Structure formats: C-alpha cells, structure tokens
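Chemist: Residue numbers (the working numbering): 2 to 358.
Glycine included, each C-beta is placed from N, C-alpha and C at the ideal position.
Quick caveat, the model's predicted, so the values are computed rather than measured.
Structure below; questions to follow.
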C-alpha cells in the first residue's frame, strides 16, 4: 500500500512539475510574442530616401478596365516618367496555339521602355501578376487548378526557353528575370505549389541566360520568405497594408516597418540573402468583387492619394531600396475615365530615383 502511495505521489509530483514547465513555457512564448508585437509596431524614423520607385504594368488588366493599354503605357513613361517597370508575359496570350507565338504586345512594351530609358523586370512562368494569377493555355489543360503536372512541366519549360532565347540578347532594357509570381503562396486559380517544377524553371533560366539576376517573390505578410529567398538572386516581397475577405471585410495588418526588417534579418541568416526589394506595394483598392464595379467613393476609401503616400513612406522605412507599386493602370483609369487625377498627380510628386539598377 505504501509503495502504491509513493508511486502515486511521484506521478502527481511529476505531473505538477510538467504542468509548471508548460505554464512557464507558455508564459515565455506569450511574453516573446508581446515583445515582438511591440517591436514591429515601434515608430521608424529613418527612410530609404534614395529608393528607386517603379511600377508593375499589366496590359491585360488595362484592357479589362476599359483602357487603351498602349495609351496608358505611353502616359506612364512620358508623364509619370517611370524608369523601373515590372512586365508580365502572359503565356496563354503569347502561345494561344501550341508552337504558334505572338510576342507583339511584349515587343512593343520593351521597345517603348528602351526608347524612354526605362529598365524592365520581365516576369515569366505559369503564374504571373494579376488575377486569376495563372495563365496556362487551354491546349495544355482546360482547368489551370487541375493540370497534368508532367505535361505542364514539359510545355512550360519549352515556352520559357523560347522566351529567354528571344530576349536575352539585344535587350539591355531587361535587367532581371522574375520566375513565377509568389510561387509558394496558394492563391489564385492555379495548380498546387510545385517546388520541383519551380526549381526546374530556375535551372533552365540560369542555363540559358547566366548574365541576368533572377527575382523570386513571396507574400510579405503570409510567408517566412526563406524558401523563395534561398532560390533567388534578388528576393521580392509583396506589401499589402489593407486587405479584404468575405468573412472579415476590410481590415489592416497590425504591423509596422520593423516587421519587414525582422524578416530581412531572417533571410540573411537562413537563406544567405541580402538583396531584398518590395516587388508589389499596394497602390490600388482592395474591395469586394471587381475593383471598378465598386462605387468610386468605395474605391477611394480603400486607396487614395494620402494612403498611397503613406504606403510609399512605409515601404521606404523597411530599408529596402527598390519599390514597385501596384495599380498604375487604375490611377490612369481614375484620371481618364472618372476625371479624378489625384493619384496620378500624386505619383509625380514622389521622388523617383532614375539611376540604373
């Protein structure tokens, strides 16, 4: 009997000790979380004032919102004097039929950029900027979210080889390739994340054009960055401060610039990556449904000149020295269709550094 009581006492004592250890561990975790939350929201005074400011331009999106996309592109170059541009190549537009290519839209944009002295990040892959994210031709598979991965790999690598060979020479305006867009983020009408396919793409691009750095991107708020950063010559993060979901409506991330500084430190330590840029800074509304279907006042409540300036200053405080803003097509839409040029004119006041990358 005494032995049984002794055993029970030992078990009780051990459980009590385990409970105390768990309590202390939880307390430490909570304290660390609180301290991190405080740190990431501490005010940051210093700015990267010499940050290069650029944009992403999507001719498909410009078409979708009713613009003459060439007119919008030329206005961006001549009026805003943008010198750093990210341009997506839409696979389904270029190779609508297998083996038949129409590069005319890309050729024209590159020619105009070269004439204006602008520099280009050219985005290739199945997943590139703008919804629905993945632009796989129908002849590869009807449903981009459920493709034969073997066939996809074969056809995608063949297409990328055609693209690289077309543009790697005699195009000094192209300064970097971006391979896929946020390839580790499950977002859009796309197949599941395929790391092996991404790695094959990166090998292919580096073999075909070893002279240009490769950008690999990831979500600013929803990822730790390490997987993308360790594969990149230059890592690119998105930066969205206000988002929308059907369940929660509009809400703002409770983070400051230090959040991104911590993550830069993480990829320096765990990915040996010191080249980080803001590849996609929020510069247009995030609303329920299609942007221009929302009332103008709703659009401007989500994004206006003041918010845009705040976002640019926020991005500069992260210490990253290149910032590509999202939404130039919408600014032009507001100026020309809605007769509201405030965002367009605001960008003219931004100190855009035009020195080469």
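What number of angstroms, rounded off, separates the C-alpha of residue 313 from the C-alpha of residue 224?
Modeler: If I take the Cα positions, the gap works out to 21 Å.
Chemist: Helix or strand or just coil, what does DSSP make of residue 282?
Modeler: Strand.
Chemist: For the 8 Å Cβ check, are there 3 or more pairs between the region 208–218 and the region 247–264?
Modeler: Cβ pair count under 8 Å is below three, so no.
Chemist: What would DSSP say about residue 14, mapped onto helix, strand or coil?
Modeler: Reduced to three states, the DSSP call for residue 14 is helix.
Chemist: Which residue wins for smallest C-alpha separation from residue 320, given the options 265, 269 and 306?
Modeler: When each option's Cα is compared against that of residue 320, the closest is 265.
Chemist: On the three-state DSSP scale, how would you describe residue 344?
Modeler: Looking at residue 344 - three-state DSSP - the assignment turns out to be helix.
Chemist: If you reduce the DSSP assignment to three classes, tell me which class residue 350 lands in.
Modeler: DSSP places residue 350 in helix when its eight states are reduced to three.
Chemist: If we ignore side chains and look at the alpha-carbon of each, how far apart do residue 1 and residue 258 end up?
Modeler: As displayed, the chain neither begins before 2 nor continues past 358, which places residue 1 out of reach and without an answer.
Chemist: Count the other CB atoms, across all protein chains shown, that sit within 10 Å of the CB of residue 84; report buried if there are 16 or more and exposed otherwise.
Modeler: It counts as buried.
Chemist: Could you check if residue 60 is buried or exposed, using at least 16 other CB atoms within 10 Å of its CB as the buried criterion?
Modeler: By the neighbour-count rule (16 or more Cβ atoms within 10 Å), residue 60 is buried.
Chemist: Could you check the C-alpha separation between residue 199 and residue 340 for me, to the nearest Å?
Modeler: Rounded to the nearest angstrom, the two C-alpha atoms are 43 Å apart.
Chemist: For the beta strand (DSSP E) that residue 89 lies in, which residues bound it at each end?
Modeler: That run of the beta strand (DSSP E) goes 85–89.
Chemist: Nearest to residue 179 by CA position, among 156, 117 and 213, is which residue?
Modeler: The option with the nearest alpha carbon to residue 179 is 213.
Chemist: So, is residue 40 buried or exposed, given that buried needs 16 or more other C-beta atoms within 10 angstroms?
Modeler: Annotation note: pLDDT 49 at residue 40 (below 50); position unreliable, no value reported.
Chemist: Where in the region 162–239 do unbroken runs of the alpha helix (DSSP H), each at least 4 residues long, occur, reported from the N-terminal end onward?
Modeler: Complete alpha helix (DSSP H) runs here, min 4: 196–209 and 227–230.
Chemist: Note down the Cα distance separating residue 74 from residue 138, rounded to an integer number of angstroms.
Modeler: Computed Cα separation, rounded: 25 Å.
Chemist: Go through its chain and collect everything with a Cβ distance to residue 277's Cβ below 6 Å, but skip five positions before and after it.
Modeler: Same-chain partners within the cutoff: 236, 265 and 321.
Chemist: Note the first and the last residue of the continuous alpha helix (DSSP H) segment covering residue 146.
Modeler: Taken as a continuous stretch (DSSP letters only), residue 146 belongs to no alpha helix (DSSP H), as it is neither H nor E.
Chemist: Check whether the Cβ atoms of residue 126 and residue 202 sit closer than 8 Å, and answer yes or no.
Modeler: Yes, Cβ-Cβ distance for residue 126 and residue 202 is below 8 Å.
Chemist: Pair every Cβ in the region 93–101 with every Cβ in the region 331–351, then say whether three or more of these pairs are closer than 8 Å.
Modeler: Touching, no.
Chemist: For residue 327, report the span of its alpha helix (DSSP H) as first-last.
Modeler: Not the alpha helix (DSSP H): residue 327 falls in the beta strand (DSSP E), residues 323–327.
Chemist: Got a sec? Which residues, its chain only, sit under 7 Å from residue 161 by beta carbon, not counting five neighbours each side?
Modeler: Closer than 7 Å at Cβ, skipping near neighbours: 125, 202, 205 and 206.
Chemist: Does the distance from the CB of residue 295 to the CB of residue 344 come in under 8 Å?
Modeler: Not a contact, by the Cβ cut-off of 8 Å.
Chemist: Could you tell me the distance, in whole angstroms, from the CA atom of residue 107 to the CA atom of residue 163?
Modeler: If you take the alpha carbons of residue 107 and residue 163, they lie about 13 Å apart.
Chemist: Between the Cα of residue 192 and those of 111, 146, 116 and 65, spot the shortest distance and give me the residue it belongs to.
Modeler: Here the closest residue by C-alpha is 146.
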